[in-house]
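As numbered in the UniProt record's numbering, residues 1 to 480 make up the sequence shown, in order.
Cβ atoms here follow ideal geometry from the backbone N, Cα and C, with glycine treated the same way.
If you're wondering where the values come from, they're calculated on a predicted model, not measured in any experiment.
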Amino acid sequence: MEKILTKSDYRQLRLLSLLFFKNEVVAKNDAAEYLEISNLTLNKDITAINSFFSADVLKIQTYKRKWIFLSRNNQTNFALITATMIYTSQAYRIALSTLNQDEETPVSLANKEFISKSLAYNKLEELDNLLAENRLILNKTPIEILGNELSIRFFYFHIFDRSYPRSGWPFPEISLDSIYTYIYKIERFMGINLSPIAKVDYAIAISVHLKRIQNDHPLNLTEKQLLYWQQIINFYEIEKMDFTDLETILSQEIMVNEKSIIFLSLFLCSFTYSKKEALDKILNYYKTFRPMRYKAAEVLAELSNVDEKDSKFLTATLLVFFGKYTFIGKTAYILEIEEHENNNKINRIDKQKIEQKLLEVSAYAGDLEFIRDNMKAILPYVHELLNIASWLSQEHEKLHVKVISKNGYMWEELLKYQIRQHFSEEYLIFSNNDNGLGDIDCDLIITDFPILEKTAVEILTWNSPPTDLDFEMLRKFIKL
């Protein structure tokens, strides 16, 4: 991130991170010390930030000249702040220019950006250093990114994905509706569901592939990659998938290798499984073709102490995350920022313990060396994922109670209130699903009217309002 933004922009983003996650008044002296700058520079940064962002989006407020805090609207989170900073950076504009093959030169770039030629060369040098960490090269005349085609495409995806939604749809010549039609077909074919956010992520990845195909930049795969490719083509039956909507955009047929990378880009995004078979298929692929990677994910999942059902989902999630490194090998953590500590993050499993386990599993096979090479990128994600899984597992151990009243919603809420007076969230939580009794997702039903329909869970029939005996029934059920 430091190499994407100018030095001052990056510092201002760190200041916003401090105020955003502290979420309280911060002494100016403390902020200046954190950023390793003078109070004079801090004041200039505050002025610059307040000029850059509209006051109805966010503003750094000053209290008695010595204290500062951040005010913002309800739609602005830190991801949007980061997206805004990336979108307005020169690096973003250079990346978009190279993707569009504008064939800029340092001189034309300087003229377009209204900067000196020396400053343009400095910016290109910074971007070249960043690309070098991703094993890529920035050619200067014309300005273009050179290197492994998969790594180039991943770089483009990363920068355009992280600048959205501030950028808007960055590919006006590509129909988003057509891409969404393709995504809908893939969801049905794979038995998965993508959220609206994940659909945009996938659409950006697809568009990068289409642009590179259109501009005659084919994939250049190694012999080892070609072997993986053929396994994927056969196992997922890619030749049966419908790519006609994307081929219409290009006005040409898409080669099977390109279809494969378009499909595989799905795994850059998050999704849920609408069918158990879809989850099992992903797990079976890794069991069959990448057994050591499967074992590594299983071992990591064990750290969270989840049940068998959740363990399968957690293992699949780890495998999908690791999948992005199959073909790009090493990628620098190009667009992350040192966030000030967020006290709301779950930290049940120590990060160092997870790092040690990652190092351990990375030695299982050559197929897992990418973990060590990309530890800076992988550790934060795995740490957060396993901690969330561990926390949810503990929540699942609590008694899930569904309250049903003959008289309707208001009486149900009253019953919940009365139950809460006797039993804290340490012992039970309420299930708010509206499913029928046949597939109700809870451990116990409490009702104020007899239910004759057979259910898979036990029913306690109470009075309304409940009596002491009713509460005693629940106490015995919980075994207090």
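Legend entry - Three-state secondary structure assigned by DSSP to Ile143: strand
Legend entry - Continuous beta strand (DSSP E) stretch holding Tyr63: start and end: 58 to 63
Legend entry - alpha helix (DSSP H) segment containing His209, residue limits: 196 to 214
Inset, instruction - Locate the beta strand (DSSP E) running through Glu458, then write down its first and last residues. - result: 458 to 461
Legend entry - Length-filtered (4 minimum) alpha helix (DSSP H) runs lying within the segment 101 to 181: 106 to 113, 117 to 133, 149 to 163
Inset, instruction - May I ask you to report which of helix, strand or coil DSSP gives Lys402? - result: strand
Inset, instruction - Please report how far the alpha carbon of Phe189 lies from the alpha carbon of Val382, in whole angstroms. - result: 28 Å
Inset, instruction - Helix, strand or coil for Leu452, going by three-state DSSP, please let me know. - result: coil
Inset, instruction - May I ask you to list the residues that DSSP assigns as paired with Phe430? - result: Val401
Inset, instruction - State buried or exposed for Ser51, treating a residue as buried only when at least 16 other CB atoms are found within 10 Å of its CB. - result: exposed
Inset, instruction - Apply the 10 Å Cβ neighbour rule to Trp462 and answer buried if 16 or more other Cβ atoms are within range, or exposed otherwise. - result: buried
Inset, instruction - Would you mind reading off the limits of the beta strand (DSSP E) that contains Phe69? - result: 67 to 72
Legend entry - Thr41, DSSP secondary structure in three states: helix
Inset, instruction - Assign Asn134 to one of two classes, buried (16 or more other C-beta atoms within 10 Å of its C-beta) or exposed (fewer than that). - result: buried
Legend entry - Distance between Gln214 and Ala203 (C-alpha atoms, nearest Å): 16 Å
Inset, instruction - Would you check if the distance between the CB atom of Ile459 and the CB atom of Thr467 is smaller than 8 Å? - result: no
Legend entry - Residues near Leu399 in its chain [Cβ-Cβ closer than 8 Å; skip 5 each side]: Tyr427, Leu428, Ile429, Asp443, Leu444, Phe477, Ile478
Inset, instruction - Give every residue of the same chain whose Cβ lies closer than 8 Å to the Cβ of Ile349, excluding the five residues on either side of it in the sequence, and list them in chain order. - result: Leu303, Ser304, His383, Leu386, Asn387, Ser390
Legend entry - Contacts around Leu146, its chain only, beta-carbon distance under 6 Å, and the 5 residues preceding and following it disregarded: Ile137, Asn139
Legend entry - Beta-carbon proximity check, Ala31 vs Leu15, cutoff 8 Å: yes
Inset, instruction - Over the uninterrupted beta strand (DSSP E) stretch that includes Leu19, give me the two end residues. - result: Note, Leu19: premise wrong, no beta strand (DSSP E); alpha helix (DSSP H) at 7 to 22.
Inset, instruction - Count the other C-beta atoms from every protein chain shown that fall within 10 angstroms of the C-beta of Met85, then say buried if there are 16 or more, exposed otherwise. - result: buried
Legend entry - Run of the beta strand (DSSP E) containing Leu444, from where it starts to where it stops: 444 to 447
Inset, instruction - With DSSP as the reference, label Val382 as helix, strand or coil. - result: helix
Legend entry - Host alpha helix (DSSP H) of Ser260 (start-end): 256 to 264
Inset, instruction - Look at Glu149 and Leu226 and say whether their C-beta atoms are less than 8 Å apart. - result: no
Inset, instruction - Below 8 Å CB to CB, which residues in the same chain sit around Glu277 once its five sequence neighbours on both sides are set aside? - result: Gly191
Inset, instruction - Rank Tyr409, Lys351, Phe322 by C-alpha distance to the C-alpha of Glu369 and give the top, closest one. - result: Phe322
Inset, instruction - Please state if the CB of Leu99 and the CB of Tyr156 are separated by a distance shorter than 8 Å. - result: yes
Legend entry - As assigned by DSSP and simplified to three states, the class of Asn435: Bear in mind that a pLDDT of 46 at Asn435, under 50, signals an unreliable position, so the number given afterwards is only what the model happens to contain. In the structure shown, Asn435 sits in coil (DSSP, three-state: anything other than H, G, I, E or B).
Legend entry - Enclosing alpha helix (DSSP H) for Glu302 [first to last residue]: 291 to 302
Inset, instruction - Please determine, among Arg65, Arg72, Thr272, the residue with the shortest C-alpha to C-alpha distance to Lys59. - result: Arg72
Legend entry - Spatial neighbours of Arg372 in its chain, beta-carbon cut-off 7 Å, leaving aside the 5 residues before and after: Leu359, Ser362
Inset, instruction - Determine the burial state of Val107: buried for a count of at least 16 other Cβ atoms within 10 Å of its Cβ, exposed for fewer. - result: exposed
Inset, instruction - Could you round the C-beta distance between Arg166 and Leu80 to whole angstroms and report it? I think they count as a contact, below 8 Å. - result: 7 Å
Inset, instruction - State the start and end residues of the unbroken alpha helix (DSSP H) segment that holds Gln230. - result: 223 to 235
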